[in-house]
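Everything in the sequence shown is counted per this note's numbering, starting at 19 for the first residue and increasing by one.
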Amino acid sequence: MQTYLDGAQLIRNIAQETFGDIFKEYFLGAPDDIPESALPCVVIQKVSGTFSSSATSTDDRTEEIVIVLNVNGKDGFGNPSSEDTVMRQLSNYIEEIDPATGSFKPTTLMGMLRRNLSLNGNVIDSSAEINYDVNMTPDQDTIYQAFVTVTLLRRVYITDRS
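Here you go:
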């Protein structure tokens, strides 16, 4: 039996396939504390959802999923230089463009999302908002974070509607 994954599960699975061991952990839901040994890591959490009636025998399901890339501010992804700061590294992992093609690089979060969620299966629309100016872990001030809020519109089939 095939399991219907919610948006957070779907994105976590795709992120693990795309990034592999670049990130040490892929949390489904926010942990209480992020141990330094788990950095860099990705936290993926569904924060809201709505359902509305749609075409015959279907509902539209909107899911809002927050993806947080967490990096140790001391060393980032290796030893950051003044030209390749931790925040710049985060930006590149999220939305770097390939200058030769003008497309998101396939190893970026946006490349992953656009390649795998654009009209894939029952996803009929998606959008993303990126925020680099958030720190949700003030007690862990060496963690740098970037937030990507993804909204998915998916089709759900209703078999017993009367």
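Yeah, the Cβ is synthetic: ideal placement off N, Cα and C, and Gly gets one too.
DSSP places T119 outside any beta strand (DSSP E), giving it a letter other than H or E. Between T76 and V174, the C-beta gap is smaller than 8 Å, which places the two residues in contact. Going by DSSP, I112 is part of no beta strand (DSSP E) but of the alpha helix (DSSP H) stretching over V104 to E113.
The region 51 to 59 and the region 143 to 153 do not touch, with fewer than 3 CB-CB distances between them shorter than 8 Å. Membership of E101 in any beta strand (DSSP E) is not indicated, and neither H nor E is assigned to it by DSSP. Counting only the Cα atoms, D93 lies some 9 Å from T103. Rounded to the nearest whole angstrom, the C-alpha separation of V89 and A73 is 43 Å.
Within the region 22 to 81, the complete beta strand (DSSP E) segments at least 3 residues long are 43 to 46 and 59 to 71, listed from N- to C-terminus. By the neighbour-count criterion, in which a residue is buried when 16 or more other Cβ atoms sit within 10 angstroms of its Cβ, Y22 is exposed. Counting only residues of its own chain and dropping the five nearest sequence neighbours on each side, Q34 has a CB closer than 8 Å to the CB of Y44.
Among the bridge pairs identified by DSSP, T160 is matched with none. Counting only the Cα atoms, A56 lies some 6 Å from K42.
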